[in-house]
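Please read the structure below before turning to the comments.
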Amino acid sequence: MSKVLILSTIILVFFSCTNQAEIENVKVPEKIVSYNTETLKEEEVEMESIAGDFKIYTLIDVSCATCLINIEKWDAFAHEKEANGLTVLPICYSKDNFELLKYLVESDKLGNVSIPLYLDTNNTFMHQNDSLISEHGKFTALTDTYGKILAKGDPTEDSDVKKKYLKLIIHESE
3 MSKVLILSTI
13 ILVFFSCTNQ
23 AEIENVKVPE
33 KIVSYNTETL
43 KEEEVEMESI
53 AGDFKIYTLI
63 DVSCATCLIN
73 IEKWDAFAHE
83 KEANGLTVLP
93 ICYSKDNFEL
103 LKYLVESDKL
113 GNVSIPLYLD
123 TNNTFMHQND
133 SLISEHGKFT
143 ALTDTYGKIL
153 AKGDPTEDSD
163 VKKKYLKLII
173 HESE
């Protein structure tokens, strides 16, 4: 009987440790360049200073013309009534030193985007979170204020993911 109890305890400890190991956090660089598309100003900011009880980190390749459409989707999502209380953080990386992005913004060809874009000039975000990023360079996650990942997936492309995000925010806020 005592052997069964000891074995049960060991199994319980093992599984509880396994669950703890599965908790993932987004690692953010200490500083990143914030790019305001309305004023065309770039400013280095501390990532920790960006407020928000809930944050959505999304990785966007801005040297890819078709990927730039995602910026407009995220801007629209950030302004939806249901997204109130969410901070959307588009983390942009580039193979062309952000030249395509800046050209499209400066020539008013990107559209009206009012959320700041965060330029990962040294690919620090990507390196710190490489285990979370798909082989296609995609990553989107909802986190709490401490960076703990609550859910993954793109709510601008999948209504089920959007519902899940909103449900989690309501539940976590209570």
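Under my numbering, residues 3 to 176 are what the sequence shown spells out, in order.
Glycine included, each C-beta is placed from N, C-alpha and C at the ideal position.
query: Closest to residue 112 by CA distance: which of 75, 122, 133 and 86 is it?; result: 75
query: Is it true that the segment 31-44 meets the segment 135-155, where meeting means three or more beta-carbon pairs spaced less than 8 Å apart?; result: no
query: Name the two residues that bound the continuous alpha helix (DSSP H) containing residue 105.; result: 101-108
query: How is the beta strand (DSSP E) around residue 56 delimited, first residue to last?; result: 56-63
query: Pick out whichever of 42, 57, 128 and 72 has its Cα sitting closest to the Cα of residue 171.; result: 57
query: Can you check DSSP and say which residues form a bridge with residue 94?; result: 62 and 121
query: Flag this pair as yes or no: are the beta carbons of residue 70 and residue 93 separated by less than 9 Å?; result: no
query: Strictly by DSSP, which residues pair up with residue 116?; result: None, per the DSSP bridge assignment.
query: Comparing alpha-carbon positions, which option in 28, 25, 48 and 27 lies nearest residue 120?; result: 48
query: Looking at the unbroken alpha helix (DSSP H) that takes in residue 72, where does it start and where does it end?; result: 71-80
query: Exposed or buried, residue 53, counting other C-beta atoms within 10 Å across all chains shown (16 or more means buried)?; result: exposed
query: In this structure, does DSSP put residue 151 in helix, strand or coil?; result: strand
query: In terms of alpha-carbon separation, which member of 122, 95 and 87 lies closest to residue 147?; result: 87
query: By Cβ distance below 7 Å, which residues in the same chain neighbour residue 125 in space, the five residues on each side in sequence not counted?; result: 95
query: Hey, residue 77 and residue 117 are a contact pair by Cβ (cut 8 Å); roughly how many whole angstroms apart?; result: 5 Å
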